[in-house]
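All remarks here apply to the structure that follows.
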Amino acid sequence: MDDNKVIRQLIRVNLELEGIEVVTAADGAECLEVVHQVRPDLVTLDVVMPRLDGLRTAARLRADPRTRDLPLVIVSACTQCEVEDGLDVGVDAFLAKPFEPAELVRLVRELIVGRRGGGADRLGRVRGPGDAEPAAGHAGG
């Protein structure tokens, strides 16, 4: 989920090239609708969004028994305060903009595999360009 169409396309293309099905949403309200229709394996969220921002979207997803265990990744130019707020609402990971597409793919795969292996661990770390970690699926965002 990102209000910037270019960022949504960047995320979509890079994940689809890796065989991951992607469904996009332009804001938090649309994301909630899509998540309940599609049941994705993971959701990426931007923080600053119209209608419903990424942190409030994450809080609503965590409050809903149907989506409380859904891996959530904030992909945004996060401030430390936003990172702390994200951890408070249960976001699994953060990817700082600008990001390397390969890092996005690794992070998504890591969280999807972790979920299938018994639940996603709360990673609680901020990743940016050059912070690659070794880490497959359906992502909404």
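Following the UniProt record's numbering, the numbering of the sequence shown begins with 1 at its first residue and continues without gaps. For every residue, glycine included, the Cβ atom is placed at its ideal position computed from N, Cα and C. Since we're looking at a predicted model, the values are computed, not measured.
If we call anything under 8 angstroms between Cβ atoms a contact, is LEU111 one with LEU55? The count along the sequence shown starts at 1 and reaches residue 111 at position 111. The count along the sequence shown starts at 1 and reaches residue 55 at position 55. No, the Cβ-Cβ distance between LEU111 and LEU55 is not below 8 angstroms.
By the DSSP assignment, the alpha helix (DSSP H) with GLU21 in it spans what residues? On the sequence shown, position 21 is the one that residue 21 refers to. Here GLU21 belongs to no alpha helix (DSSP H); instead the beta strand (DSSP E) covers 21–23.
Given a cut-off of 8 angstroms on the beta-carbon distance, is the pair ASP3 and PRO50 in contact? Start at 1 with the first residue of the sequence shown, and residue 3 comes out as number 3. Start at 1 with the first residue of the sequence shown, and residue 50 comes out as number 50. Yes, they are a contact pair.
To the nearest angstrom, how far is it from the Cα of GLU16 to the Cα of LEU10? By 1-based counting over the sequence shown, the position of residue 16 is 16. By 1-based counting over the sequence shown, the position of residue 10 is 10. Approximately 10 angstroms, taken between the alpha carbons.
DSSP three-state label for GLY119, please. The count along the sequence shown starts at 1 and reaches residue 119 at position 119. Confidence at GLY119 is low in this model, with a pLDDT of 46, below 50, so its placement is unreliable and the value that follows should be read with caution. Note: GLY119 maps to coil in three-state DSSP.
According to the neighbour-count rule (16 or more other Cβ atoms, all chains shown, within 10 Å of its Cβ), is ALA58 buried or exposed? In the sequence shown, the residue the question calls residue 58 occupies position 58. Buried: at least 16 other Cβ atoms inside 10 Å.
Check VAL75 in the structure and name its three-state DSSP category. Within the sequence shown, the letter at position 75 stands for residue 75. In the structure shown, VAL75 sits in a strand (DSSP, three-state: E or B).
With LEU72 and VAL91 assumed to form a contact (beta carbons below 8 angstroms), what rounded beta-carbon distance in angstroms separates them? By one-based count along the sequence shown, residue 72 stands at place 72. By one-based count along the sequence shown, residue 91 stands at place 91. Between VAL91 and LEU72 the Cβ distance is about 5 angstroms, and since that is below 8 angstroms, they are a contact.
Report the start-end ranges of each alpha helix (DSSP H) in the UniProt domain "Response regulatory" (1–112) that is 4 residues or longer and not cut off at the edges. 5–16, 28–38, 54–63 and 80–89
Candidates ALA77, LEU107 and PRO40: closest to LEU70 by CA position: On the sequence shown, residue 70 is found 70 positions in, with the first residue counted as 1. Ranking ALA77, LEU107 and PRO40 by Cα distance to LEU70 puts PRO40 first.
So, using beta-carbon positions, are ASN14 and LEU107 closer together than 8 angstroms? By 1-based counting over the sequence shown, the position of residue 14 is 14. By 1-based counting over the sequence shown, the position of residue 107 is 107. Result no, Cβ atoms of ASN14 and LEU107 do not sit closer than 8 angstroms.
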